[in-house]
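If you count by my numbering, then the sequence shown holds residues 8 to 472, one letter each, in order. Positions of the beta carbon are idealized from the N, C-alpha and C atoms, including for glycine. From a predicted model like this one, the values you see are computed outputs, not experimental measurements.
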Amino acid sequence: MEETYKKSHIIILSSPGISHLISLGELAKRLILHQNFSITIAISDAGSPSKTMESYLESLPKGISYIFLGLVSSEELPKDVSFDARIGHTMSGSLPSLCDLFENIITSNYVVVALVVDIFGVSAVEVCKEYKVPMYVFFTASALTMSFALNLPKLDELHSCDFKDLVEPIRLPGCVPLPGEAIMDALQDKKNPAYKSFMHIFKQVTLAEGILVNSFMAAEPGALSALMKRELGRPPVYPVGPLIRAESTDTVDGHGCLEWLDRQPGSSVLFIAFGSAGTLTNDQITELAFGLELSQQRFLWVTRSPSDTAQTIEDPLGFLPNGFLGRTRDLGLVVPSWGPQIQVLAHGSTGGFLTHCGWNSALESIVHGVPLIVWPLFAEQKMNAVLLVDDMKIALRPKVDENGLVGREEIAIIIKGLMDGEEGHSVRKKVEDLKDAAAAWFTKDRLSTLSLLEVAHMWMNPVDH
């Protein structure tokens, strides 16, 4: 009797939140271009999805479906538990629902050829063992951050003190030296439960069959070359970036950002945005506002209510200094909460980007050739700042004063330096070169495409693996 043909299927497991979901979704889009896969994106459910998430999921092309795994309650967690611990709890609690998804797909005449997880989904390795399916980790951060993650157990043995107390910078193979204070806050205290949690996660990454990383050789040649050298106990590494959105998740520009940009001279506007979760203190918002005014440069600022103010539906523009909007109306546009970031970065009038240094935002800026001012807030963003400023040299960084603030004079100086100074000219040239390299990176004979094809071939032909 002839065996029934079963179509190859990939499950992609995403942790809660929009940033990892977008990177995983863009990976899924790229995969279905190359092979006859069908794909399900499974999202660990920590509550109602945002409108941005819903909009992105509804925009996915044919061949990619999505499902929210069963809601995982966090009521039993302490109120002061860290964000990372909450995500870990949600991911672990989603594993029974993930098993149900495997069963449903297998009984629907499909064969699951791979499970792709983000860094918080590595606990699914036990599910993969049960169903005899290879697990691949998609690292949505930089190759520098990935190198640090893979080397953390060694670094932990090497240094008895906390990273912030190191006298010398951390030197990883092929990477720019990392000052100890640049390491993410969750790893700055070895007694912090988050430290042990990340140590466990990073050790589990080595159980994967392979690691995909959202970077490309022209951006991080040293780090990627070192990571791609086969090493005992470490999965093979495949650079598959830069994977970014073609457009913002919500294409409705309710605040008229693009129309306003159409009226500005070419490369004259500094775009200011701190990602989907970034906020500044009340004092820092005031300093940024006065710094923008002092600089006399054009700007488009996406602002939110201060981080040290109770989050309400109150208009965030109300926290700006008195008279600021009136005094700068001929120079800038301030919009509350959200702006169409991709379209803004792609616009010919945009000449700079003041960013929180999320890796997605950094890649989006590179792909569109926009130089950066880096303003890291949390997670691995300080590490990204070191990479963008000291290694890639496509960004400038303001100095923080003794009170932990970036003062208005410093802000004005750094903005004028980027938009109209010699230093700005240098970083602009470098980011334009990287833009050209990124545009060429997905041609058929380039490494990112070849890496994806190699991985896809292994999934389609497991006996060859």
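Just curious, the beta strand (DSSP E) that G333 is in, first and last residue?
Careful: G333 lies outside any beta strand (DSSP E), inside the alpha helix (DSSP H) at F331 to R334.
For S121, which beta-bridge partners are listed by DSSP?
In the sequence as presented, Ser is not what sits at residue 121; that position holds Ala. Bridge partners of A121: I17.
Let me know if A447 comes out buried or exposed under the rule of 16 or more other beta-carbons within 10 Å of its beta-carbon.
Result: exposed.
Applying the criterion that 16 or more other CB atoms from any shown protein chain within 10 Å of the CB defines a buried residue, is Q303 buried or exposed?
Q303 should be labelled exposed.
CB of I349 within 7 Å of CB of P378, strictly:
The answer is no: Cβ separation not under 7 Å.
Exposure of T114, with buried meaning 16 or more beta-carbon neighbours within 10 Å:
When all chains shown are included, T114 counts as exposed.
With DSSP run on the structure shown, which of helix, strand or coil describes S72?
In the structure shown, S72 sits in a strand (DSSP, three-state: E or B).
Can you tell me whether M465 is helix, strand or coil according to DSSP?
Helix.
Neighbourhood of I473 by C-beta distance below 6 Å, restricted to the same chain and skipping five residues each side
What the structure shows of the chain is the stretch from 8 to 472, and residue 473 is not part of that stretch, so it cannot be assessed.
Taking 8 Å as the limit between beta carbons, can you name the residues of its chain near I320, skipping five residues before and five after?
Residue placement at I320 is poorly supported in this model, since its pLDDT is 46, which falls under 50; the coordinates are not used for a value here.
Any chance you could list the alpha helix (DSSP H) runs of at least 4 consecutive residues sitting entirely within the stretch 106-163, in chain order?
Here the runs fully enclosed are 132-138.
Could you tell me whether the Cβ atoms of S21 and I50 are closer together than 7 Å?
The answer is yes: Cβ separation under 7 Å.
Quick one, which of H464, V374, I422 and L384 has its alpha-carbon nearest E439's?
Cα-wise, what sits closest to E439 is V374.
Run the CB neighbour count on R252, radius 10 Å, all protein chains shown included, and call it buried at 16 or more, exposed below.
Around the Cβ of R252, a 10 Å sphere holds 16 or more other Cβ atoms; the residue is buried.
Pop quiz: L122 and M142 are said to be a contact at Cβ under 8 Å. What is the actual Cβ separation, rounded to whole angstroms?
Contact between L122 and M142 holds, with the beta-carbon distance rounding to 5 Å and staying under 8 Å.
May I have the straight-line CA-CA distance separating D427 from Q291, to the nearest angstrom?
Their Cα atoms are separated by approximately 24 Å.
Between which residues of its own chain and F360 is the CB-CB distance below 6 Å, once the five residues before and five after are set aside?
Around F360, the same chain offers F278, S372, V377 and L379 as residues with beta carbons nearer than 6 Å, after the five sequence neighbours per side are excluded.
Considering only residues of the same chain and omitting the five flanking positions on each side of D397, which have a CB-CB separation below 6 Å?
Once the five neighbours on either side are set aside, the close Cβ partners of D397 are V183.
Going along the chain, which residues of its own chain have a beta-carbon closer than 8 Å to the beta-carbon of G3, five neighbours each way excluded?
Absent from the structure is residue 3, since the part of the chain shown begins at 8 and ends at 472.
Specify the secondary structure class of R305 as computed by DSSP and reduced to three states.
In this structure, R305 counts as strand in the three-state DSSP scheme.
Is L277 helix, strand or coil when you go by DSSP?
Of the three classes helix, strand and coil, the one that applies to L277 here is strand, per DSSP.
Host alpha helix (DSSP H) of G263 (start-end):
Here G263 belongs to no alpha helix (DSSP H), and DSSP marks it neither H nor E.
Per DSSP, which residues does V174 bridge with? Please list them.
Residue pairing from DSSP leaves V174 without any beta-bridge partner.
Which residues bound the alpha helix (DSSP H) around S99?
Counting along the chain, the alpha helix (DSSP H) containing S99 begins and ends at F90 to G100.
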